[in-house]
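Peer 1: Right, I'll just put the structure down here and ask away after.
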Amino acid sequence: MLIDQKTIEMERATTRELMETVMSTAWNTHMNLFRLSGDILHLVSFFLLIFKIRSTRSCAGISLKTQTLFAVVFVTRYLDLMWNWHSLYLVAMKLIFISSTFYIMYLMGWKYRSTYNREEEKRIHVLYIIIPCLVLALFINQRFTLWEILWAFSIYLESVAIIPQLMLLQKTKSVETLTSHYIFCLGGYRTLYLINWIFRYLTEPHYSQWIVWVAGTVQTVLYCDFFYYYFKSIK
Numbered sequence: 003m004l005i006d007q008k009t010i011e012m013e014r015a016t017t018r019e020l021m022e023t024v025m026s027t028a029w030n031t032h033m034n035l036f037r038l039s040g041d042i043l044h045l046v047s048f049f050l051l052i053f054k055i056r057s058t059r060s061c062a063g064i065s066l067k068t069q070t071l072f073a074v075v076f077v078t079r080y081l082d083l084m085w086n087w088h089s090l091y092l093v094a095m096k097l098i099f100i101s102s103t104f105y106i107m108y109l110m111g112w113k114y115r116s117t118y119n120r121e122e123e124k125r126i127h128v129l130y131i132i133i134p135c136l137v138l139a140l141f142i143n144q145r146f147t148l149w150e151i152l153w154a155f156s157i158y159l160e161s162v163a164i165i166p167q168l169m170l171l172q173k174t175k176s177v178e179t180l181t182s183h184y185i186f187c188l189g190g191y192r193t194l195y196l197i198n199w200i201f202r203y204l205t206e207p208h209y210s211q212w213i214v215w216v217a218g219t220v221q222t223v224l225y226c227d228f229f230y231y232y233f234k235s236i237k
């Protein structure tokens with residue numbers, strides 16, 4: 003009986019150590035409340051957009067070009083999924099971001115393509131957005147390697163990927179409630195990440211990611227005009 007009790011205690015200790023290791027690995031991502039909240043808002047934005055398209059059976063007012071740019075962002079940034087599995091949390095988030103974006107593109111480009119007005123985005127040329135970001139990444143990066151250039155490119159591109167969506171809103175002069183909530187969540191996610199960087203700068207010695215800081219600030223500024231009219235409309 004004594005041996006059985008010791009065996010049970012050893013098994014419990016082993017299980018506890020295993021769980022602590024898994025949780026430590028899953029959350030070894032410089033996590034704090036601001037980053038976690040930003041990630042949650044980012045996930046909510048995907049849910050809102052997919053729910054909007056599925057419930058209305060329409061993708062009117064949504065920019066396929068913005069979704070395409072986000073797809074390029076996630077694919078070029080998360081190439082490390084092929085070998086980097088040190089954080090279960092990050093792996094899960096990366097897979098959700100990629101799969102959700104391509105699912106939205108599928109809904110817009112195939113399932114409900116008849117509701118997508120290509121003429122509204124005809125004058126929005128994504129190459130004018132992609133090429134400057136690529137050139138910038140070639141000259142301004144952390145190291146001149148393929149992976150670092152692609153990473154820098156994804157950072158620069160994400161900062162301006164929302165431009166086609168904002169241009170579409172200005173052109174149509176109207177926005178559905180769920181679509182506006184989707185854009186608000188995207189802007190909120192980026193704003194919380196901005197606060198996260200400030201928090202990490204104040205609390206983590208030697209923390210510096212100036213490429214991310216500058217690009218993230220540009221991205222947040224792009225949302226400011228939308229934020230103004232969003233809060234004005236809900237008053």
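Just remember that the working numbering sits 2 ahead of the position in the sequence shown, which is counted from 1.
Each residue gets a CB set at the ideal place from its N, CA and C atoms; glycine is no exception.
Note that this is a predicted model, so its numbers are computed, not measured.
Apart from the five residues on each side of it in sequence, which residues of its chain come closer than 6 Å, Cβ to Cβ, to SER26?
Peer 2: Taking the sequence shown and counting its residues from 1, one reaches residue 26 at position 24. Because SER26 carries a pLDDT of 45, less than 50, the predicted location of this residue cannot be relied on, and no value is offered for it.
Peer 1: Taking SER157 and ILE213 to be in contact with their CB atoms under 8 Å, please state how far apart those CB atoms are, rounded to whole angstroms.
Peer 2: Taking the sequence shown and counting its residues from 1, one reaches residue 157 at position 155. Taking the sequence shown and counting its residues from 1, one reaches residue 213 at position 211. Before going further, note that residue 157 is Ile rather than Ser in the sequence given. Confirmed, Cβ separation roughly 6 Å.
Peer 1: Do ILE52 and PHE76 have their CB atoms nearer than 8 Å?
Peer 2: Within the sequence shown, residue 52 is the residue found at index 50, counting from 1. Within the sequence shown, residue 76 is the residue found at index 74, counting from 1. Against a cut-off of 8 Å, the Cβ pair of PHE76 and ILE52 comes out as no contact.
Peer 1: Using DSSP with H/G/I as helix, E/B as strand and the rest coil, what is GLU123?
Peer 2: The sequence position of residue 123 within the sequence shown is 121, counting from 1. Note: GLU123 maps to helix in three-state DSSP.
Peer 1: Closest to ARG59 by C-alpha separation, out of TYR195, TYR108, ALA163 and PHE155, would be which residue?
Peer 2: The residue labelled residue 59 in the question sits at position 57 within the sequence shown. Cα-wise, what sits closest to ARG59 is TYR108.
Peer 1: Figure out for me which residue from SER210, ILE133, PHE36 and SER47 has the closest Cα to the Cα of CYS187.
Peer 2: Residue mapping note: residue 187 aligns to position 185 of the sequence shown, counting from 1. When each option's Cα is compared against that of CYS187, the closest is SER47.
Peer 1: Can you check the region 73 to 115 for any alpha helix (DSSP H) of at least 4 residues that lies completely inside it and give the ranges in chain order?
Peer 2: Counting whole runs of 4 or more residues, the region 73 to 115 contains the alpha helix (DSSP H) stretches 90 to 108.
Peer 1: Is the separation between the beta-carbon of LYS96 and that of LEU83 shorter than 8 Å?
Peer 2: On the sequence shown, residue 96 is found 94 positions in, with the first residue counted as 1. On the sequence shown, residue 83 is found 81 positions in, with the first residue counted as 1. Yes, Cβ-Cβ distance for LYS96 and LEU83 is below 8 Å.
Peer 1: Roughly how many whole angstroms lie between the Cα atoms of LEU71 and GLU160?
Peer 2: Locating residue 71 in the sequence shown gives position 69, counting from the first residue. Locating residue 160 in the sequence shown gives position 158, counting from the first residue. If you take the alpha carbons of LEU71 and GLU160, they lie about 8 Å apart.
Peer 1: Along the chain, which unbroken stretches of the beta strand (DSSP E) at least 3 residues long are found entirely within the region 125 to 163?
Peer 2: Listed in chain order, nothing qualifies, since the region 125 to 163 has no complete beta strand (DSSP E) run of 3 or more residues.
Peer 1: Express the C-alpha separation of ARG56 and VAL220 in angstroms, rounding to a whole number.
Peer 2: Numbered from its first residue, the sequence shown carries residue 220 at position 218. Numbered from its first residue, the sequence shown carries residue 56 at position 54. For VAL220 and ARG56, the distance between alpha carbons rounds to 32 Å.
Peer 1: Compare the beta carbon distance of TYR225 and ARG202 with 8 Å and say whether it is the shorter of the two.
Peer 2: Stepping through the sequence shown from its first residue, residue 225 is reached at position 223. Stepping through the sequence shown from its first residue, residue 202 is reached at position 200. Cβ distance not < 8 Å, so TYR225 and ARG202 don't count as in contact.
Peer 1: From which residue to which residue does the alpha helix (DSSP H) around GLY189 run?
Peer 2: Translated into the one-based positions of the sequence shown, residue 189 becomes position 187. Where GLY189 is concerned, the enclosing alpha helix (DSSP H) stretches over 179 to 205.
Peer 1: Decide yes or no for the touch test of the region 117 to 126 against the region 34 to 46: beta carbon pairs closer than 8 Å, at least 3 of them.
Peer 2: No: fewer than three Cβ pairs fall under 8 Å.
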